[in-house]
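Those letters in the sequence shown? Residues 86 to 290, by this note's numbering.
Backbone N, C-alpha and C fix where the C-beta goes; we use that ideal spot for every residue, glycine too.
Here the structure is laid out as structure tokens; the discussion comes afterwards.
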Amino acid sequence: MKNVVKLLSFNTFIPVFYPALMLPIRPWRTKAIKMLDFKSGDRVIVPGVGSGHDLSALPKDVRVDGVDISDVMLGIGKLKLKLFGNDKNVTLNKMDAEKLFFDDNTFDKAILSLFLTVVFDPKKAFAEIVRVVKPGGQILIFDHLFRKGDIPGIVTKPVDAVLSYGFASVARVLDDIIEGHPVTVEKIVKGDPVGFVKGFLLVKK
Ligand SMILES: C[S@@+](CC[C@H](N)C(=O)[O-])C[C@H]1O[C@@H](n2cnc3c(N)ncnc32)[C@H](O)[C@@H]1O
86 MKNVVKLLSF
96 NTFIPVFYPA
106 LMLPIRPWRT
116 KAIKMLDFKS
126 GDRVIVPGVG
136 SGHDLSALPK
146 DVRVDGVDIS
156 DVMLGIGKLK
166 LKLFGNDKNV
176 TLNKMDAEKL
186 FFDDNTFDKA
196 ILSLFLTVVF
206 DPKKAFAEIV
216 RVVKPGGQIL
226 IFDHLFRKGD
236 IPGIVTKPVD
246 AVLSYGFASV
256 ARVLDDIIEG
266 HPVTVEKIVK
276 GDPVGFVKGF
286 LLVKK
């Protein structure tokens, strides 16, 4: 996270209000995840898995590795898995997503939900994802990212200066993050009615 304030937020007050924040956006998340074409036995990586809001939307016959650096978010995620008996096919790892301990071309799918706007260096984290996903693998990004040329700078810059330090950036651009990587953007779906949050389906060439 490279930022004490952010690490502290994700280990203290954010986990408390996070479930309430996530509940209303659940249908948008589910719609985005539905773009993935799951096959039985697929290996799925979820960087910045947090307390596991993506996990219940995944089929039971895939093998999931969640990665996060917040002990508290991971702890809540592990507790939820145990409570709902959903822990057999999921491993939650304490790991920096900017430096993944997985071999190249390991995963069939990656799910990056509300992660690229939080991680300190989104380009570095995305490069790691591209490295560990197999050629032909799908990468789903569910996030409030802009496309190049979309940002209303006057509004977002001051808000971003405050929010990005302790929580999430509201001014990151998908095209800047994925630039130079062997990926294509295959499909985009709107989350909220104005399309601030979107689902982006990418495929690694
Ligand atoms: C806004 S939460 C999203 C959690 C979950 N993906 C969701 O959609 O509810 C962002 C998560 O990214 C994690 N995170 C931030 N930087 C990270 C890094 N370098 N490596 C792994 N996880 C990171 C935070 O701890 C936090 O749990």
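Return yes when at least one heavy atom of ligand 1 lies under 6 angstroms from the C-beta of L199, else no.
-> Along the sequence shown, read from residue 1 onward, the residue named residue 199 stands at position 114. Result yes, Cβ under 6 angstroms from ligand 1.
Are there three or more Cβ pairs, one per stretch, closer than 8 angstroms when the segment 273-290 is compared with the segment 109-123?
-> The segment 273-290 is in contact with the segment 109-123.
Report the residue ranges of all alpha helix (DSSP H) runs contained in full by the segment 145-173; include only those spanning at least 4 residues, in chain order.
-> Those alpha helix (DSSP H) runs which fall completely within the segment 145-173 and span 4+ residues are 156-168.
Looking only at its own chain, which residues have a Cβ that is under 6 angstroms from the Cβ of L199, when we skip the five neighbours before and after it?
-> Translated into positions along the sequence shown, residue 199 becomes position 114. Shown here for L199: same chain residues with a beta carbon closer than 6 angstroms to its own, the five before and five after excluded, namely D228 in chain order.
To which residues of the same chain is K163 closer than 6 angstroms at the C-beta, ignoring the five residues directly before and after it?
-> Taking the first residue of the sequence shown as position 1, residue 163 is located at position 78. Cβ neighbours of K163 beyond the five flanking positions: L177.
From this set, L93, E264, K272 and K233, which residue's C-alpha is nearest V157's C-alpha?
-> Numbered from its first residue, the sequence shown carries residue 157 at position 72. Distance check between V157 and each of L93, E264, K272 and K233 places L93 closest, using alpha-carbon atoms only.
Burial state of P144 (16 or more Cβ within 10 Å) | Taking the sequence shown and counting its residues from 1, one reaches residue 144 at position 59. Exposed is the call here.
Tell me, please, whether the segment 179-186 touches the segment 245-255 by the rule of three or more beta-carbon pairs shorter than 8 angstroms.
-> Segments in contact, no.
Confirm the yes/no value for this check: CB of V204, any heavy atom of ligand 1, distance under 6 angstroms.
-> Mapped onto the sequence shown, residue 204 falls at position 119. Flag set: Cβ of V204 near ligand 1.
Please find out if some non-hydrogen atom of ligand 1 comes closer than 6 angstroms to the beta-carbon of S155.
-> As a first step, residue 155 must be located in the sequence shown, where it is residue number 70. Under cutoff, so the answer is yes.
With 16 other Cβ atoms within 10 Å as the buried cut-off, status of E264 = By one-based count along the sequence shown, residue 264 stands at place 179. Under this definition E264 is an exposed residue.
From P132, D193 and L140, pick the residue whose C-alpha is nearest to that of K184; which is it?
-> The residue labelled residue 184 in the question sits at position 99 within the sequence shown. Nearest of P132, D193 and L140 to K184, Cα basis: P132.
Extent of the continuous alpha helix (DSSP H) run through S94 = The residue you call residue 94 lines up with position 9 of the sequence shown. For S94, the enclosing alpha helix (DSSP H) stretches over residues V89 to N96.
Flag G135 as yes when its Cβ comes closer than 6 angstroms to any non-hydrogen atom of ligand 1, and as no otherwise.
-> Counted from its first residue, the sequence shown places residue 135 at position 50. Indeed, a heavy atom of ligand 1 lies less than 6 angstroms from the Cβ.
Give the DSSP-derived three-state secondary structure of T202 in the structure shown.
-> On the sequence shown, position 117 is the one that residue 202 refers to. Coil, per DSSP.
For D122, verify whether its CB is less than 6 angstroms away from any heavy atom of ligand 1.
-> By one-based count along the sequence shown, residue 122 stands at place 37. In terms of side-chain proximity, the C-beta atom of D122 is found no nearer than 6 angstroms to any non-hydrogen atom of ligand 1.
Entirely within the segment 210-285 and at least 4 residues each: give me those alpha helix (DSSP H) ranges in chain order.
-> Counting only runs of 4 or more, we get 238-251 and 259-263.
How about E213: is its Cβ closer than 6 angstroms to a heavy atom in ligand 1?
-> As a working note, residue 213 is residue 128 in the sequence shown. For ligand 1, not one heavy atom lies less than 6 angstroms from the Cβ of E213.
What are the residues that DSSP puts in a beta bridge with T176?
-> Sequence index remark: in the sequence shown, residue 176 carries index 91 (1-based). Paired residue(s): D150.
Could you tell me which of A105, I214 and F169 sits nearest to D188, measuring between CA atoms?
-> Taking the first residue of the sequence shown as position 1, residue 188 is located at position 103. D188 has its Cα closest to that of I214, out of A105, I214 and F169.
Given 8 angstroms, three or more beta-carbon pairs between the segment 93-109 and the segment 166-174 | No: the two stretches stay apart, fewer than three of their Cβ pairs being nearer than 8 angstroms.
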